[in-house]
Amino acid sequence: MNKMNFTIDNIPFGIFSVKNGRKRLATIINDQVVDLYALADLGYFDDLKIKKSVFKNDFLNNFISLGKDKTKAVRKRLQEILADPTPKITHPAQPITHHLNDVQLHLPIKIGDYTDFYSSEQHATNVGKMFRPDGDALLPNWKHLPVAYHGRASSIFVSGENFHRPKGQVNASDTTLPVFSPTKRLDIELEMATIIGKNNLIGHSIDVNAAEDYVFGFTLFNDWSARDIQRWEYVPLGPFLAKNFFSSMSPWVVTLEALEPFRAAAETQKPEVLAYLKEEKRHHFDIQLEVILKTQHTEGIIISQSNFKNMYWTVAQQIAHHTVNGCNLNVGDVMGSGTISGKTPDSFGSLLELTWGGKNPITLPDGSTRTFLEDGDTIIIKGFAEKDGIRVDFGEVKTTILPIK
Ligand code: MN
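Counted the way numbering that gives the first Met the number 0 counts, the sequence shown spans residues 0 to 404.
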């Protein structure tokens with residue numbers, strides 16, 4: 000994959016700080032982080048009637064809450080300002096731009112609620128075959144509703160933050176007794192996260208054809224999973240401690256507007272879905288994704304290449320279903336797409352699938368092998384969309400496994 004390249008067509012939003020400085024809003028162009036508070040201080044957004052304080056903030060939530068008219072206008076203004084390759088803007092008291100290596104990037108969103116879907120048919124089929132070898136791979140509800148669980152918002156961290164191997168109750172079969180152990184099956188889930196950009200009131204469902212009004216943008220997302228803990232705990236109420244110990248998010252939120260050129264038609268669903276899930280126009284987003292595994296002794300190797308369009312349920316359907324009962328979504332809620340697996344084995348989005356339950360180890364350049372992750376291993380997820388000379392990069396989400404505490 001090419002080097003990260005944040006173009007004028009992208010203009011994502013994030014949160015940065017310099018040493019001893021307060022957190023501020025930023026965008027990024029090439030490798031330059033642009034300080035939006037400094038621009039606001041120079042009056043660049045005055046005519047948009049946005050308070051300067053919105054740009055000096057720990058999170059993007061207040062900015063997103065201004066609504067799409069304003070956030071789109073800010074993005075357009077930034078494209079005008081940054082179109083000049085040698086910008087003449089200076090501030091008497093502070094730099095406008097910083098090199099990416101000179102700043103710290105932070106979690107972009109104060110996440111209220113986090114829901115994780117299960118919307119790739121190939122992933123659900125693969126997992127079903129492994130977890131329920133004697134039954135149908137897909138459960139009867141799967142093609143009628145986008146299955147999901149409520150996860151834990153406060154254990155989502157930004158790229159570069161690492162975690163210690165989790166421990167818990169595991170049981171290798173249903174006929175033995177459980178034991179307490181560090182997880183031996185620590186896994187990734189290659190996902191995208193939808194960042195909700197608008198509230199709906201409790202009791203008010205969102206129409207599937209208006210659902211994108213509620214999307215601010217997307218990040219890369221790694222839904223870390225402990226498969227041995229999951230296997231023993233997940234029936235009957237779904238994932239709990241196998242998932243809530245840590246999740247990882249990339250620092251730049253790419254807006255829905257930046258992804259307009261990358262809409263990809265989605266297949267017609269069979270069987271037909273209920274009316275509230277029927278879309279006038281179905282589409283996914285063509286975003287290329289890859290997972291890199293690096294150990295303490297090897298360079299990184301690509302272990303999976305997938306695409307955000309490898310989904311059965313669209314983001315709009317996920318939102319419509321999430322709110323059909325009157326459930327409220329709020330600015331800053333995060334919806335994980337679910338593991339994004341393609342049809343071919345090299346496009347599977349988890350080690351569970353890539354190694355088929357640990358049966359087919361991955362061989363690394365130094366001859367060592369992996370089924371699940373070992374201490375010191377690093378996982379990097381990258382993503383970008385590219386078409387007709389337009390490139391929209393998501394950057395990366397990078398995490399290293401630390402030994403058990
Ligand atoms: Mn997941």
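Using N, Cα and C, we set each Cβ at its ideal position, and we do this for glycine too.
Bear in mind the structure is a predicted one, so any value in this text is a computation, not a measurement.
- For residue 401, same chain residues with a beta-carbon under 6 Å away, outside a window of 5 residues either side, are 161, 163 in chain order.
- For residue 369, the three-state secondary structure derived from DSSP is strand.
- Taken in chain order, the complete alpha helix (DSSP H) segments of 4 or more residues contained in the region 41-75 are 60-64.
- If you draw a straight line from the Cα of residue 118 to the Cα of residue 280, it is about 18 Å long.
- By the Cβ test, the region 290-305 is not in contact with the region 69-77, since fewer than three Cβ pairs between them sit closer than 8 Å.
- Less than 9 Å separates the beta-carbon of residue 351 from that of residue 184.
- Looking at the backbone, the Cα of residue 324 and that of residue 223 are separated by about 29 Å.
- Distances taken from the Cβ of residue 190 to the heavy atoms of ligand 1 include one shorter than 8 Å.
- Under the DSSP assignment, residue 227 falls in the alpha helix (DSSP H) whose first and last residues are 226-232.
- By the criterion of a C-beta distance shorter than 7 Å, residue 345 is surrounded in its chain by 303, 304, once the five residues flanking it on both sides are discounted.
- Taken in chain order, the complete beta strand (DSSP E) segments of 3 residues or longer contained in the region 253-287 are 262-264, 282-284.
- Collapsing the DSSP output to three states places residue 380 in a strand.
- Its Cα nearest to that of residue 142, the residue 268 stands out among 277, 354, 268.
- Fully contained in the region 103-182 are the following beta strand (DSSP E) runs of length 3 or more, in chain order: 103-105, 113-116, 147-149, 155-157, 166-169, 178-181.
- In this structure, the alpha-carbon of residue 399 lies about 36 Å from that of residue 322.
- Nearest C-alpha to residue 270 among 87, 139, 177: 139.
- Spatial neighbours of residue 145 in its own chain (CB-CB distance under 7 Å, excluding positions within 5 residues in sequence) are listed in chain order as 116, 118, 312, 316, 317, 320.
- The alpha carbon of residue 332 has as its nearest neighbour, out of 98, 36, 149, the alpha carbon of 149.
- Comparing alpha-carbon positions, the option among 193, 340, 111, 154 lying closest to residue 306 turns out to be 340.
- Classified as buried, residue 60 has 16 or more neighbouring CB atoms from the shown chains inside 10 Å of its CB.
- In this structure, the alpha-carbon of residue 329 lies about 22 Å from that of residue 245.
- A Cβ-Cβ contact shorter than 9 Å links residue 208 with residue 278.
- In this structure, residue 372 lies near residue 186, with their beta-carbon atoms less than 9 Å apart.
- By the criterion of a C-beta distance shorter than 6 Å, residue 291 is surrounded in its chain by 299, 301, 379, once the five residues flanking it on both sides are discounted.
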